[in-house]
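Chains as they are written, first to last, in the UniProt record's numbering: chain P, 1 to 192; chain B, 1 to 192.
2 protein chains.
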Amino acid sequence: MHPHFETYLQTQTTLTANEISQVSSMASFRILKRNESVLFAGDICKHKTFVISGLLRNYSTSVDGSEHILRFSPENSWTLDVESYDKQAPSVINISAIEPSQVLMWNKTDFQNLLVNVPALKQLAEQLIANNTHYSSQRMLTTLSASPEEKYEDFTRRFPNLLARLPLRMIAAYLGISLKTLTRIRHAQLTR
Amino acid sequence: MHPHFETYLQTQTTLTANEISQVSSMASFRILKRNESVLFAGDICKHKTFVISGLLRNYSTSVDGSEHILRFSPENSWTLDVESYDKQAPSVINISAIEPSQVLMWNKTDFQNLLVNVPALKQLAEQLIANNTHYSSQRMLTTLSASPEEKYEDFTRRFPNLLARLPLRMIAAYLGISLKTLTRIRHAQLTR
DNA sequence: TATAAACAAGGTCATTTGACCATAATTTAC
DNA sequence: GTAAATTATGGTCAAATGACCTTGTTTATA
Numbered sequence: 001m002h003p004h005f006e007t008y009l010q011t012q013t014t015l016t017a018n019e020i021s022q023v024s025s026m027a028s029f030r031i032l033k034r035n036e037s038v039l040f041a042g043d044i045c046k047h048k049t050f051v052i053s054g055l056l057r058n059y060s061t062s063v064d065g066s067e068h069i070l071r072f073s074p075e076n077s078w079t080l081d082v083e084s085y086d087k088q089a090p091s092v093i094n095i096s097a098i099e100p101s102q103v104l105m106w107n108k109t110d111f112q113n114l115l116v117n118v119p120a121l122k123q124l125a126e127q128l129i130a131n132n133t134h135y136s137s138q139r140m141l142t143t144l145s146a147s148p149e150e151k152y153e154d155f156t157r158r159f160p161n162l163l164a165r166l167p168l169r170m171i172a173a174y175l176g177i178s179l180k181t182l183t184r185i186r187h188a189q190l191t192r
Numbered sequence: 001m002h003p004h005f006e007t008y009l010q011t012q013t014t015l016t017a018n019e020i021s022q023v024s025s026m027a028s029f030r031i032l033k034r035n036e037s038v039l040f041a042g043d044i045c046k047h048k049t050f051v052i053s054g055l056l057r058n059y060s061t062s063v064d065g066s067e068h069i070l071r072f073s074p075e076n077s078w079t080l081d082v083e084s085y086d087k088q089a090p091s092v093i094n095i096s097a098i099e100p101s102q103v104l105m106w107n108k109t110d111f112q113n114l115l116v117n118v119p120a121l122k123q124l125a126e127q128l129i130a131n132n133t134h135y136s137s138q139r140m141l142t143t144l145s146a147s148p149e150e151k152y153e154d155f156t157r158r159f160p161n162l163l164a165r166l167p168l169r170m171i172a173a174y175l176g177i178s179l180k181t182l183t184r185i186r187h188a189q190l191t192r
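Shown next, in the form of structure tokens:
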């Protein structure tokens, strides 16, 4: 049904072939153009999304128009606004495609049923939550303690595969520094 | 056995009296002096900790001696270094008492058994994880997008009960601003 | 209660950072 | 393939922030 996703489950989980097609069959497939959104601020996050290919971002826009990025979601990752999804309350963030992307989406009730019926899927979900928790505190610590240059170097080490796919302004919006500062850092690194 | 904690479970969960004493009986009680630690950076986090009374902080110290705070844990909250606990790997943070405190601690294997045997405890744990996840992204967004003054105001709104219990330098270390900036903000607010 | 330690606040100064603007290069979209 | 949009970079400047130091106050502890 969705061969890429089924391979993902095969390699990342212990789901049986039957369970895999059960999970896969509940998904709806969607193609996203560049800048197309799967969630708008103010709306309720009704789906979990798996990225087959492409690249998405979770971000919020301030009143002054500046953008701040909470997460990038490349191929083989999941995304949603977890607070809006959990509480079924309006979201404060947007989720949009940076590159043309292909995604699978499950609505909440379907996915909850799958979690109950497929214990190994629940295990995967818990593992993903744990990874996210671990990374969140690391990121918070870096954000609090590192200089802009250290933040950028940490980013390049952690996401080497994203570097060339992101405009610098989005890296800056993720690190919480200005584009000016980021270009200054890169300039300094060149002449070193 | 630990009446304060048992009341906490009674009011926050659906655990039966029998389950409550089961959970409670596996805890070890500990009294902490001010500045006493339950976890040192470099050590492995072997316990989950519930704070009966007092106030703890999770923090990391940089090479230059500066301190950055990841979380405060007042009475009726839980704390640990979740990454170190999950992976049983050396921690990068310290957990210490800001005030004289009383805590309960469970070691990992005991707590895992409780989670399996007491489904409502697992529910509580998942709820706490969800709360933590939600707050983490809100905090990250504030950290990325807010001015120092907005960060401080957000803190006062969110943790009014902690304000008077914390030295300003710790609030600054939590917000990622300097003590100087924080005192400037407070001074400006006075004369307004 | 006395002594030491921790803390808040203020002064000064250097510097990093961001805002604003212009330009050039690259990428996107039709 | 061409026009339009987005993007990266650099210049200039002002302002916010932090580093360092001192002082007075509060808090802990023995």
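All C-beta atoms, glycine included, are put in the ideal place defined by N, C-alpha and C.
- A residue is called buried when at least 16 other Cβ atoms come within 10 angstroms of its Cβ; Thr79 (chain P) meets this threshold and is buried.
- Non-local beta-carbon contacts of Leu9 (chain P) in its own chain, meaning distances under 6 angstroms to residues more than five positions away in sequence, involve Leu15, Ile20 in chain order.
- Between the segment 129-139 of chain B and the segment 41-60 of chain B, the count of C-beta pairs closer than 8 angstroms stays below three; the two stretches do not touch.
- Val116 (chain B) is classed as exposed because its beta carbon has fewer than 16 other beta carbons within 10 Å across all chains shown.
- By the rule that beta-carbons nearer than 8 angstroms mark a contact, Ala130 (chain P) touches chain B.
- Straight through space, the alpha carbons of Thr156 (chain B) and Ser25 (chain P) are spaced by roughly 48 angstroms.
- By the beta-carbon neighbour count (other beta carbons within 10 angstroms, threshold 16), Asn35 (chain B) is exposed.
- Contact of Val82 (chain P) with chain B by beta-carbon distance below 9 angstroms involves Ala130, Thr133, His134, Ser137.
- Contact of Leu115 (chain B) with chain P is not assigned, every C-beta pair being separated by 8 angstroms or more.
- When the beta-carbon positions are compared, Tyr135 (chain P) and Lys108 (chain P) stay at least 8 angstroms from each other.
- Inter-segment contact for the segment 165-178 of chain B and the segment 39-49 of chain B is absent: fewer than three beta-carbon pairs are separated by less than 8 angstroms.
- In this structure, Ile95 (chain P) sits away from Leu175 (chain P), with a CB-CB distance that is not shorter than 8 angstroms.
- CA-CA distance, Ser101 (chain B) to Pro148 (chain B), rounds to 30 angstroms.
- Contact of Ser91 (chain P) with chain B by beta-carbon distance below 8 angstroms is absent, the smallest such distance being about 11 angstroms.
- Contact note: Met140 (chain P) reaches chain B through Leu70, Ser136, Arg139, Met140, Thr143, using a C-beta cutoff of 8 angstroms and chain order.
- Counting only the Cα atoms, Phe159 (chain P) lies some 25 angstroms from Glu6 (chain P).
- Going by beta carbons, Asp81 (chain B) and Ile69 (chain B) fall outside the 8 angstroms limit.
- Under the Cβ distance rule, Ser96 (chain P) does not count among the residues neighbouring chain B, no pair being separated by less than 8 angstroms.
- The straight-line gap separating the alpha-carbon atoms of Ser73 (chain P) and Cys45 (chain B) is approximately 30 angstroms.
- The C-beta of Gly176 (chain B) comes closer than 8 angstroms to at least one C-beta of chain P.
- Collapsing the DSSP output to three states places Lys33 (chain P) in coil.
- For Asp86 (chain P), the residues of chain B that pass the 9 angstroms Cβ criterion are Ala130, Thr133, His134, in the order they occur in the chain.
- With respect to chain P, the C-beta atom of Ser25 (chain B) has no partner C-beta closer than 8 angstroms.
- Per DSSP, reduced to three states, the secondary structure at Val92 (chain P) is coil, with no helix or strand assignment.
- Contact annotation: in the segment 43-62 of chain B, residues whose CB is within less than 9 angstroms of a CB in chain P are Asn58, Ser60, Ser62.
- Comparing alpha carbon positions, the residue from P:Asn76, P:Ile171, P:Gln127 closest to Pro3 (chain P) is P:Asn76.
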